[in-house]
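Novice: Take a look at this one; I'll ask things after.
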Amino acid sequence: MNKAAIDTHIGLIDKESVRLVTPLLQQNNEISEAYFLGDNSQIQTFQRIKKILSTRNVMCYFHEITSEPAPHELVHNLRDFCTELNKKKRNILFNASCGLRFRLLSAYEVFKEFDWPTFVLELETNEICWMSEVTTPPPLKRSGKISVSEWLTVFGAEVHNDTQLLPIKEEHQTLELAHKWATNANHLTQAFSVLNYLATSCRKSGSLDVELSEKQLGYAELREVLDQLTQHKLIKMNGPLLTFTDEHSRAFCNGQWLTDYVFYTLESLKEDISCINDIAYNVSFNRRIGDMVVKNKFDVASIVNNKLFIIECKTKSMKDAGDDTLYKLDSLREFIGGVQSKSMLITLKSLRSSDVTRSQDLGVTVIGPELLPHLKKVLQEWIHTNKYI
Numbered sequence: 010m011n012k013a014a015i016d017t018h019i020g021l022i023d024k025e026s027v028r029l030v031t032p033l034l035q036q037n038n039e040i041s042e043a044y045f046l047g048d049n050s051q052i053q054t055f056q057r058i059k060k061i062l063s064t065r066n067v068m069c070y071f072h073e074i075t076s077e078p079a080p081h082e083l084v085h086n087l088r089d090f091c092t093e094l095n096k097k098k099r100n101i102l103f104n105a106s107c108g109l110r111f112r113l114l115s116a117y118e119v120f121k122e123f124d125w126p127t128f129v130l131e132l133e134t135n136e137i138c139w140m141s142e143v144t145t146p147p148p149l150k151r152s153g154k155i156s157v158s159e160w161l162t163v164f165g166a167e168v169h170n171d172t173q174l175l176p177i178k179e180e181h182q183t184l185e186l187a188h189k190w191a192t193n194a195n196h197l198t199q200a201f202s203v204l205n206y207l208a209t210s211c212r213k214s215g216s217l218d219v220e221l222s223e224k225q226l227g228y229a230e231l232r233e234v235l236d237q238l239t240q241h242k243l244i245k246m247n248g249p250l251l252t253f254t255d256e257h258s259r260a261f262c263n264g265q266w267l268t269d270y271v272f273y274t275l276e277s278l279k280e281d282i283s284c285i286n287d288i289a290y291n292v293s294f295n296r297r298i299g300d301m302v303v304k305n306k307f308d309v310a311s312i313v314n315n316k317l318f319i320i321e322c323k324t325k326s327m328k329d330a331g332d333d334t335l336y337k338l339d340s341l342r343e344f345i346g347g348v349q350s351k352s353m354l355i356t357l358k359s360l361r362s363s364d365v366t367r368s369q370d371l372g373v374t375v376i377g378p379e380l381l382p383h384l385k386k387v388l389q390e391w392i393h394t395n396k397y398i
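Just add 9 to wherever you are in the sequence shown, counting from 1, and you've got my numbering.
If you want it as structure tokens, here you go:
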């Protein structure tokens, strides 16, 4: 290849175009321009890809091809495209990781006529595999790292709340309390149900005050939790009246403590597991289904070896919502995650046997209260089992 020439990347757009993007991330300017081929309906996908790659100084161009399954017309179009591109004296690389089958086969045959090196991003290992003879060292050695926000953008989601920092005060103390609660999750499960109910009642009423009933005041486990919250200055007790210090404290008691605990536990694994590319907390986004805009949220999401890992945290009973939660995770994984994504449900309440069976059918990993004291090991094994390295 001509080292003085500009490196050019070519790829075919499809529904899961992440593997067209990741080889172009953090490549030290080895590739400075890219052509994305697709029909008229895929221009929006191209615009999303361009938005991401423009931050990496990659110039992006769209080349329209026919939407009809007409191989002869497609081949003719591709030959014209190749002839014009060849005049620019580029080092051209074809990423054959994406694309409808007949388009991909047609492109491969045409590009082979022009002796353009072809590679695929292997689905499971995320390694770049060359399908044709290339120079040593190869012109492209590794795939870059995509963030959770960029991943969602590629799949057509509009992120409107993406923060890596937890919106809580006295972070160390609250994390210490969350760890203590997780360690005693089985013992305190009834107390968490009542606490969640009290915090939800305040959210609905718009107040930080709620009065406990005599029955609630009689729960020894609840008293233990309330004493701990008082010690950490998250609540004040005046007889039966409970007052949350502020909205952050109320949200913490409303289940955010579990999300915090999961997030920080996953963060603690980054030093040991280098392929954890990104971790995001409480990510809200919109996705369009036909003419409807659907709002969704990830409690915790991570990119592991350029695959999306989704974690849903539940502190309230799953008795009536078990099916909905599991189907929601499965749906999000299908529409936002791609074929290699993984999902996990972490719940303080054990699931019904029917929900356990359904979770297994859907491929959703379920972690109950009995495993929370060992969450770091559980997450470590989950990642190692599914990262394909």
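Think of the CB as a built atom: it goes at the ideal place given N, C-alpha and C, for glycine as much as any other residue.
Take ASN160 as the anchor and find which of LEU360, ARG342, ASP364 has the nearest alpha-carbon.
Specialist: Taking the first residue of the sequence shown as position 1, residue 160 is located at position 151. The residue asked about is misnamed: residue 160 is Trp in this sequence, not Asn. With distances taken between Cα atoms, TRP160 lies closest to ARG342.
Novice: Measuring only the C-alpha atoms, how far is VAL375 from PHE318?
Specialist: The count along the sequence shown starts at 1 and reaches residue 375 at position 366. The count along the sequence shown starts at 1 and reaches residue 318 at position 309. Their backbone Cα atoms lie some 13 Å apart in a straight line.
Novice: Using the Cα positions of VAL292 and LEU388, report the straight-line distance between them to the nearest angstrom.
Specialist: Position 283 of the sequence shown, counting from 1, holds the residue named residue 292. Position 379 of the sequence shown, counting from 1, holds the residue named residue 388. Roughly 20 Å between the two C-alpha positions.
Novice: Once DSSP output is grouped into helix, strand and coil, what is the label at ILE19?
Specialist: Here residue 19 is taken as the residue at index 10 of the sequence shown, counted from 1. Three-state result, ILE19: strand.
Novice: With burial defined as no fewer than 16 other Cβ atoms inside 10 Å of the residue's Cβ, what is the status of PRO78: buried or exposed?
Specialist: Residue mapping note: residue 78 aligns to position 69 of the sequence shown, counting from 1. Classification for PRO78: exposed.
Novice: By DSSP, does ALA116 sit in helix, in strand, or in coil?
Specialist: The residue labelled residue 116 in the question sits at position 107 within the sequence shown. Reduced to three states, the DSSP call for ALA116 is helix.
Novice: Going by the CB atoms, is the gap between THR324 and LEU354 shorter than 8 Å?
Specialist: On the sequence shown, residue 354 is found 345 positions in, with the first residue counted as 1. On the sequence shown, residue 324 is found 315 positions in, with the first residue counted as 1. No, Cβ-Cβ distance for LEU354 and THR324 is not below 8 Å.
Novice: Hey, how far is the Cα of ARG367 from the Cα of LYS279?
Specialist: By 1-based counting over the sequence shown, the position of residue 367 is 358. By 1-based counting over the sequence shown, the position of residue 279 is 270. Approximately 31 Å between the Cα atoms of the pair.
Novice: When you compare each of LYS386, SER350, PRO148, THR268 to LEU371 by their alpha carbons, which one comes out closest?
Specialist: Taking the sequence shown and counting its residues from 1, one reaches residue 371 at position 362. The option with the nearest alpha carbon to LEU371 is SER350.
Novice: Do you know how far the Cα of LYS242 is from the Cα of THR254?
Specialist: As a position in the sequence shown, residue 254 is number 245, starting the count at 1. As a position in the sequence shown, residue 242 is number 233, starting the count at 1. Each residue's alpha carbon lies about 7 Å from the other.
Novice: Quick check on GLN225: buried or exposed, where buried means 16 or more other Cβ atoms within 10 Å of its Cβ?
Specialist: Walking along the sequence shown from the start, residue 225 turns up at place 216. Buried, by the Cβ-count rule.
Novice: If you drop the 5 nearest sequence neighbours on each side, which residues of the same chain put their C-beta closer than 6 Å to that of LYS6?
Specialist: The question about residue 6 has no answer here: the residues shown for the chain are numbered 10 through 398.
Novice: Please report the residue range of the alpha helix (DSSP H) in which GLU223 lies.
Specialist: In the sequence shown, residue 223 corresponds to position 214, counting from 1. Unbroken alpha helix (DSSP H) run through GLU223: 223–226.
Novice: Let me make sure I understand the geometry here. Which of THR239, SER50, PRO80 has the alpha-carbon closest to that of ARG110?
Specialist: Walking along the sequence shown from the start, residue 110 turns up at place 101. Among THR239, SER50, PRO80, the Cα nearest to that of ARG110 is on PRO80.
Novice: For the putative contact between GLU42 and THR17, defined by C-beta atoms under 8 Å, what is the C-beta separation to the nearest angstrom?
Specialist: By one-based count along the sequence shown, residue 42 stands at place 33. By one-based count along the sequence shown, residue 17 stands at place 8. So it is a contact: roughly 5 Å between Cβ atoms.
Novice: Comparing alpha-carbon positions, which option in LYS59, VAL27, LYS154 lies nearest MET68?
Specialist: The residue labelled residue 68 in the question sits at position 59 within the sequence shown. Comparing Cα-Cα distances from MET68 to each of LYS59, VAL27, LYS154, the minimum goes to LYS59.
Novice: Express the C-alpha separation of THR92 and ARG28 in angstroms, rounding to a whole number.
Specialist: Mapped onto the sequence shown, residue 28 falls at position 19. Mapped onto the sequence shown, residue 92 falls at position 83. For ARG28 and THR92, the distance between alpha carbons rounds to 26 Å.
Novice: One question on the structure: do LEU21 and CYS107 come within less than 8 Å of each other, judged by their Cβ atoms?
Specialist: For the purposes of this step, residue 21 is taken as residue 12 along the sequence shown, with counting starting at 1. For the purposes of this step, residue 107 is taken as residue 98 along the sequence shown, with counting starting at 1. Yes, the Cβ-Cβ distance between LEU21 and CYS107 is below 8 Å.
Novice: Is the CB-CB distance between SER76 and SER115 below 8 Å?
Specialist: One-based indexing of the sequence shown puts residue 76 at position 67. One-based indexing of the sequence shown puts residue 115 at position 106. Contact flag unset, no.
Novice: Please return the same chain residues whose Cβ sits closer than 6 Å to the Cβ of SER8, not counting the five positions on each side in sequence.
Specialist: Limits of the chain in this structure are 10 at one end and 398 at the other, which puts residue 8 out of reach.
Novice: For VAL373, which of helix, strand or coil comes out of DSSP?
Specialist: The residue you call residue 373 lines up with position 364 of the sequence shown. VAL373: strand per DSSP, three-state reduction.
Novice: Are any of the Cβ atoms in chain D nearer than 8 Å to that of ILE155?
Specialist: No chain D appears in this structure, which consists of one protein chain only.
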